[in-house]
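First the structure, in the form of C-alpha coordinates, and then the observations on it.
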Amino acid sequence: MNDLPVLDLSPANLREHLPAPGSDLYYALIYQPTGTRAALTLLESFRRTITFIPLGSSNPEITQTRLVWWHEELHSLEGTVVRHPLLRALHPLVRARADLLPAMFALVEGVARQLAHPRYADAAERHALLLEGHGPLWRIHGALCGVSSESHLGTFVDLGVMTELAWLLRDLRRAVTGGLSVLCRAHEPVSGTPLGEDDFYRESVQRELAWLLEALPAAMTRCSRLPVGRRDLRCARTLVLLAERTLQEVQKDGAAAWSRRLELTPLRKLLLSLRVRVST
(Lines of atoms letter the chains of each structure in order from A and count residues from 1; the text may use other names and numbers.)
(Lines give C-alpha, C1' and ligand atoms only; values in the text may rest on other atoms or scores of the structure.)
Protein backbone atom coordinates (compact mmCIF):
# COMPACT_ATOMS: atom_id res chain seq x y z
CA MET A 1 0.00 0.00 0.00
CA ASN A 2 1.30 3.48 -0.85
CA ASP A 3 2.72 5.75 1.84
CA LEU A 4 0.32 8.67 2.19
CA PRO A 5 1.07 12.26 3.14
CA VAL A 6 -0.43 13.75 6.28
CA LEU A 7 -3.89 15.09 5.42
CA ASP A 8 -5.59 17.68 7.61
CA LEU A 9 -9.36 17.29 7.91
CA SER A 10 -9.69 19.68 10.85
CA PRO A 11 -10.20 23.15 9.27
CA ALA A 12 -13.64 24.50 10.15
CA ASN A 13 -14.34 25.64 6.58
CA LEU A 14 -13.69 22.11 5.33
CA ARG A 15 -16.34 20.41 7.45
CA GLU A 16 -19.28 21.39 5.25
CA HIS A 17 -17.60 19.65 2.31
CA LEU A 18 -17.05 16.35 4.16
CA PRO A 19 -19.62 13.54 4.58
CA ALA A 20 -22.48 14.65 6.81
CA PRO A 21 -23.67 12.33 9.60
CA GLY A 22 -26.48 10.22 8.18
CA SER A 23 -25.13 10.18 4.63
CA ASP A 24 -24.13 6.97 2.84
CA LEU A 25 -20.51 8.06 2.60
CA TYR A 26 -20.35 8.90 6.31
CA TYR A 27 -21.31 5.34 7.23
CA ALA A 28 -19.07 3.85 4.53
CA LEU A 29 -16.03 5.54 6.07
CA ILE A 30 -16.51 5.04 9.81
CA TYR A 31 -14.93 1.57 9.83
CA GLN A 32 -12.35 2.15 7.11
CA PRO A 33 -8.83 1.51 8.52
CA THR A 34 -7.22 4.74 9.74
CA GLY A 35 -4.28 4.46 7.34
CA THR A 36 -6.46 5.24 4.34
CA ARG A 37 -9.54 6.84 5.90
CA ALA A 38 -8.47 10.48 5.50
CA ALA A 39 -7.43 10.02 1.87
CA LEU A 40 -10.64 8.18 0.97
CA THR A 41 -12.71 10.77 2.84
CA LEU A 42 -11.29 13.52 0.64
CA LEU A 43 -11.37 11.52 -2.59
CA GLU A 44 -14.97 10.43 -2.18
CA SER A 45 -16.08 13.82 -0.86
CA PHE A 46 -14.73 15.34 -4.06
CA ARG A 47 -16.57 12.72 -6.12
CA ARG A 48 -19.85 13.38 -4.30
CA THR A 49 -19.40 17.14 -4.68
CA ILE A 50 -19.04 16.82 -8.44
CA THR A 51 -21.70 14.16 -8.97
CA PHE A 52 -24.19 16.13 -6.88
CA ILE A 53 -23.93 19.16 -9.19
CA PRO A 54 -26.61 17.93 -11.64
CA LEU A 55 -28.77 16.71 -8.75
CA GLY A 56 -28.74 20.17 -7.22
CA SER A 57 -29.33 22.07 -10.46
CA SER A 58 -32.70 23.11 -11.82
CA ASN A 59 -31.63 22.79 -15.47
CA PRO A 60 -28.69 21.59 -17.61
CA GLU A 61 -27.38 25.12 -18.15
CA ILE A 62 -26.81 25.62 -14.42
CA THR A 63 -25.11 22.22 -14.25
CA GLN A 64 -22.79 23.16 -17.09
CA THR A 65 -21.91 26.51 -15.51
CA ARG A 66 -21.03 24.85 -12.21
CA LEU A 67 -18.92 22.19 -13.91
CA VAL A 68 -16.99 24.87 -15.80
CA TRP A 69 -16.31 26.64 -12.49
CA TRP A 70 -14.95 23.43 -10.97
CA HIS A 71 -12.84 22.73 -14.05
CA GLU A 72 -11.23 26.14 -13.69
CA GLU A 73 -10.82 25.67 -9.94
CA LEU A 74 -8.93 22.39 -10.46
CA HIS A 75 -6.27 24.30 -12.37
CA SER A 76 -5.35 26.01 -9.10
CA LEU A 77 -3.94 22.66 -7.93
CA GLU A 78 -1.24 23.05 -10.58
CA GLY A 79 0.01 26.16 -8.77
CA THR A 80 0.54 27.23 -5.18
CA VAL A 81 -2.65 29.20 -4.43
CA VAL A 82 -5.60 26.87 -3.85
CA ARG A 83 -8.87 28.53 -2.85
CA HIS A 84 -11.48 25.84 -2.25
CA PRO A 85 -11.18 24.15 1.20
CA LEU A 86 -11.68 20.66 -0.21
CA LEU A 87 -8.99 21.17 -2.84
CA ARG A 88 -6.62 22.66 -0.26
CA ALA A 89 -7.06 19.54 1.85
CA LEU A 90 -6.41 17.37 -1.21
CA HIS A 91 -3.34 19.33 -2.31
CA PRO A 92 -0.75 17.18 -0.44
CA LEU A 93 -2.23 14.03 -1.99
CA VAL A 94 -2.22 15.62 -5.44
CA ARG A 95 1.49 16.39 -5.02
CA ALA A 96 2.13 12.81 -3.88
CA ARG A 97 0.21 11.12 -6.71
CA ALA A 98 0.72 12.24 -10.29
CA ASP A 99 -2.44 10.39 -11.37
CA LEU A 100 -4.81 12.17 -9.00
CA LEU A 101 -5.27 15.55 -10.69
CA PRO A 102 -5.95 13.97 -14.12
CA ALA A 103 -8.49 11.70 -12.42
CA MET A 104 -10.22 14.72 -10.88
CA PHE A 105 -10.36 16.45 -14.26
CA ALA A 106 -11.71 13.22 -15.78
CA LEU A 107 -14.61 13.20 -13.33
CA VAL A 108 -15.63 16.80 -14.05
CA GLU A 109 -15.28 16.27 -17.80
CA GLY A 110 -17.09 12.94 -17.60
CA VAL A 111 -20.15 14.49 -15.95
CA ALA A 112 -20.05 17.21 -18.61
CA ARG A 113 -20.04 14.55 -21.36
CA GLN A 114 -23.11 12.96 -19.79
CA LEU A 115 -24.92 16.26 -20.26
CA ALA A 116 -24.27 16.22 -23.99
CA HIS A 117 -25.10 12.53 -24.44
CA PRO A 118 -28.50 11.40 -25.74
CA ARG A 119 -30.24 8.43 -24.15
CA TYR A 120 -27.87 5.46 -24.16
CA ALA A 121 -28.51 2.63 -26.59
CA ASP A 122 -27.75 -0.07 -24.02
CA ALA A 123 -26.10 -0.74 -20.68
CA ALA A 124 -22.68 -1.31 -22.28
CA GLU A 125 -22.65 2.16 -23.86
CA ARG A 126 -23.68 3.76 -20.56
CA HIS A 127 -21.08 1.83 -18.59
CA ALA A 128 -18.35 2.92 -21.01
CA LEU A 129 -19.19 6.60 -20.57
CA LEU A 130 -19.47 6.34 -16.78
CA LEU A 131 -16.17 4.46 -16.78
CA GLU A 132 -14.42 7.35 -18.56
CA GLY A 133 -15.50 9.80 -15.90
CA HIS A 134 -15.51 7.76 -12.70
CA GLY A 135 -12.98 5.06 -13.54
CA PRO A 136 -9.74 6.99 -12.87
CA LEU A 137 -10.81 8.11 -9.38
CA TRP A 138 -12.10 4.63 -8.48
CA ARG A 139 -8.79 3.27 -9.73
CA ILE A 140 -6.92 5.49 -7.25
CA HIS A 141 -9.34 4.47 -4.48
CA GLY A 142 -8.52 0.83 -5.17
CA ALA A 143 -4.78 1.41 -5.44
CA LEU A 144 -4.70 3.23 -2.10
CA CYS A 145 -6.40 0.21 -0.55
CA GLY A 146 -3.89 -2.27 -1.95
CA VAL A 147 -5.48 -3.39 -5.23
CA SER A 148 -2.45 -3.64 -7.49
CA SER A 149 -2.61 -5.49 -10.81
CA GLU A 150 -4.31 -4.03 -13.88
CA SER A 151 -6.90 -6.81 -14.09
CA HIS A 152 -7.76 -6.54 -10.39
CA LEU A 153 -8.07 -2.77 -10.61
CA GLY A 154 -10.38 -3.24 -13.59
CA THR A 155 -12.61 -5.52 -11.52
CA PHE A 156 -12.68 -3.01 -8.67
CA VAL A 157 -13.40 -0.05 -10.96
CA ASP A 158 -16.27 -1.85 -12.68
CA LEU A 159 -17.92 -2.35 -9.30
CA GLY A 160 -17.43 1.32 -8.44
CA VAL A 161 -19.02 2.45 -11.70
CA MET A 162 -22.06 0.24 -11.11
CA THR A 163 -22.40 1.81 -7.67
CA GLU A 164 -22.46 5.28 -9.24
CA LEU A 165 -25.23 4.15 -11.58
CA ALA A 166 -27.21 2.88 -8.59
CA TRP A 167 -27.13 6.34 -6.98
CA LEU A 168 -28.24 7.95 -10.24
CA LEU A 169 -31.23 5.62 -10.47
CA ARG A 170 -32.21 6.45 -6.90
CA ASP A 171 -32.07 10.16 -7.74
CA LEU A 172 -33.53 9.73 -11.21
CA ARG A 173 -35.76 12.79 -11.33
CA ARG A 174 -33.11 15.16 -9.99
CA ALA A 175 -30.50 13.68 -12.33
CA VAL A 176 -32.70 14.10 -15.41
CA THR A 177 -33.74 17.61 -14.33
CA GLY A 178 -30.07 18.54 -14.03
CA GLY A 179 -29.43 17.32 -17.56
CA LEU A 180 -28.04 13.80 -17.15
CA SER A 181 -28.94 10.93 -19.40
CA VAL A 182 -29.44 7.98 -17.03
CA LEU A 183 -31.64 5.35 -18.68
CA CYS A 184 -30.88 3.31 -21.78
CA ARG A 185 -33.21 2.60 -24.69
CA ALA A 186 -32.78 -1.16 -24.32
CA HIS A 187 -34.61 -0.93 -20.98
CA GLU A 188 -37.46 1.29 -22.13
CA PRO A 189 -40.95 -0.23 -22.04
CA VAL A 190 -42.23 -1.85 -25.19
CA SER A 191 -45.81 -0.73 -25.58
CA GLY A 192 -48.20 -0.27 -28.45
CA THR A 193 -49.81 2.72 -26.74
CA PRO A 194 -48.14 5.93 -25.54
CA LEU A 195 -47.37 6.01 -21.83
CA GLY A 196 -47.64 8.96 -19.49
CA GLU A 197 -44.43 10.29 -17.93
CA ASP A 198 -44.85 8.48 -14.59
CA ASP A 199 -45.70 5.15 -16.22
CA PHE A 200 -42.85 5.44 -18.71
CA TYR A 201 -40.26 6.06 -16.02
CA ARG A 202 -41.69 3.46 -13.65
CA GLU A 203 -41.55 0.72 -16.28
CA SER A 204 -38.10 1.83 -17.41
CA VAL A 205 -36.79 1.79 -13.84
CA GLN A 206 -38.28 -1.66 -13.28
CA ARG A 207 -36.22 -2.97 -16.19
CA GLU A 208 -33.13 -1.09 -15.06
CA LEU A 209 -33.45 -2.54 -11.55
CA ALA A 210 -33.96 -6.07 -12.83
CA TRP A 211 -30.69 -5.74 -14.74
CA LEU A 212 -28.62 -3.87 -12.14
CA LEU A 213 -29.72 -5.97 -9.15
CA GLU A 214 -28.38 -8.99 -11.02
CA ALA A 215 -25.19 -7.34 -12.33
CA LEU A 216 -24.23 -5.64 -9.05
CA PRO A 217 -24.04 -8.78 -6.84
CA ALA A 218 -22.08 -10.56 -9.58
CA ALA A 219 -19.57 -7.70 -9.62
CA MET A 220 -19.44 -7.79 -5.80
CA THR A 221 -18.60 -11.51 -5.92
CA ARG A 222 -15.77 -10.92 -8.41
CA CYS A 223 -14.42 -8.12 -6.22
CA SER A 224 -14.56 -10.30 -3.08
CA ARG A 225 -12.04 -12.65 -4.71
CA LEU A 226 -9.38 -9.98 -5.15
CA PRO A 227 -6.11 -10.73 -3.32
CA VAL A 228 -6.34 -7.74 -1.00
CA GLY A 229 -7.17 -7.36 2.68
CA ARG A 230 -10.95 -7.31 2.99
CA ARG A 231 -10.81 -4.73 5.77
CA ASP A 232 -9.00 -2.33 3.43
CA LEU A 233 -12.03 -2.32 1.11
CA ARG A 234 -14.59 -1.59 3.83
CA CYS A 235 -15.50 1.81 2.41
CA ALA A 236 -16.12 0.47 -1.08
CA ARG A 237 -17.89 -2.66 0.18
CA THR A 238 -20.20 -0.59 2.38
CA LEU A 239 -21.03 1.84 -0.42
CA VAL A 240 -21.95 -1.08 -2.68
CA LEU A 241 -24.05 -2.75 0.02
CA LEU A 242 -25.90 0.49 0.77
CA ALA A 243 -26.54 1.01 -2.94
CA GLU A 244 -27.85 -2.52 -3.38
CA ARG A 245 -30.17 -2.31 -0.37
CA THR A 246 -31.46 1.08 -1.50
CA LEU A 247 -32.27 -0.25 -4.96
CA GLN A 248 -34.08 -3.19 -3.41
CA GLU A 249 -36.25 -0.72 -1.50
CA VAL A 250 -36.93 1.18 -4.70
CA GLN A 251 -37.95 -2.09 -6.33
CA LYS A 252 -40.30 -2.91 -3.44
CA ASP A 253 -41.79 0.56 -3.78
CA GLY A 254 -42.91 -0.23 -7.31
CA ALA A 255 -39.89 1.35 -8.99
CA ALA A 256 -41.38 4.79 -8.41
CA ALA A 257 -37.97 6.52 -8.36
CA TRP A 258 -39.29 9.19 -10.73
CA SER A 259 -42.02 10.36 -8.38
CA ARG A 260 -40.24 9.93 -5.03
CA ARG A 261 -36.76 9.43 -3.65
CA LEU A 262 -36.09 6.64 -1.18
CA GLU A 263 -33.22 6.49 1.29
CA LEU A 264 -32.32 4.04 4.03
CA THR A 265 -32.64 5.26 7.60
CA PRO A 266 -29.41 6.24 9.41
CA LEU A 267 -29.86 3.31 11.80
CA ARG A 268 -30.11 0.85 8.94
CA LYS A 269 -27.05 2.38 7.29
CA LEU A 270 -25.11 2.00 10.53
CA LEU A 271 -26.16 -1.64 10.88
CA LEU A 272 -25.10 -2.39 7.30
CA SER A 273 -21.73 -0.71 7.80
CA LEU A 274 -21.29 -2.70 11.00
CA ARG A 275 -22.15 -5.87 9.08
CA VAL A 276 -19.30 -5.14 6.66
CA ARG A 277 -16.92 -4.50 9.56
CA VAL A 278 -17.83 -7.77 11.28
CA SER A 279 -17.47 -9.74 8.05
CA THR A 280 -13.96 -8.38 7.43
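Letter 163 of the sequence shown, counting from 1, is numbered 162 in numbering that gives the first Met the number 0, and no numbers are missing. Idealized CB from N, CA, C, for every residue including glycine. The model shown is predicted, which means the values in this text are computed figures rather than measured ones.
Between the alpha carbons of residue 159 and residue 165 lies a gap of roughly 10 angstroms. Contact between the stretch 131–141 and the stretch 93–106 is present: three or more C-beta pairs spanning the two stretches fall below 8 angstroms. Assigned with DSSP and collapsed to three states, residue 119 falls in strand. Of the residues assessed, residue 135 falls on the buried side of the cut-off, its CB having 16 or more other CB atoms within 10 angstroms.
Nearest C-alpha to residue 277 among 30, 178, 16 and 12: 30. Spanning the alpha carbons of residue 233 and residue 106 requires a straight line of approximately 23 angstroms.
Residue 144 carries a coil assignment under DSSP once its states are collapsed to helix, strand and coil. Going by beta carbons, residue 110 and residue 53 fall inside the 9 angstroms limit. Between residue 145 and residue 34 a beta carbon distance of about 10 angstroms is seen, past the 8 angstroms cut, so the two are scored as non-contacting. Residue pairing from DSSP leaves residue 234 without any beta-bridge partner. In the DSSP assignment, residue 183 forms a beta bridge with 119.
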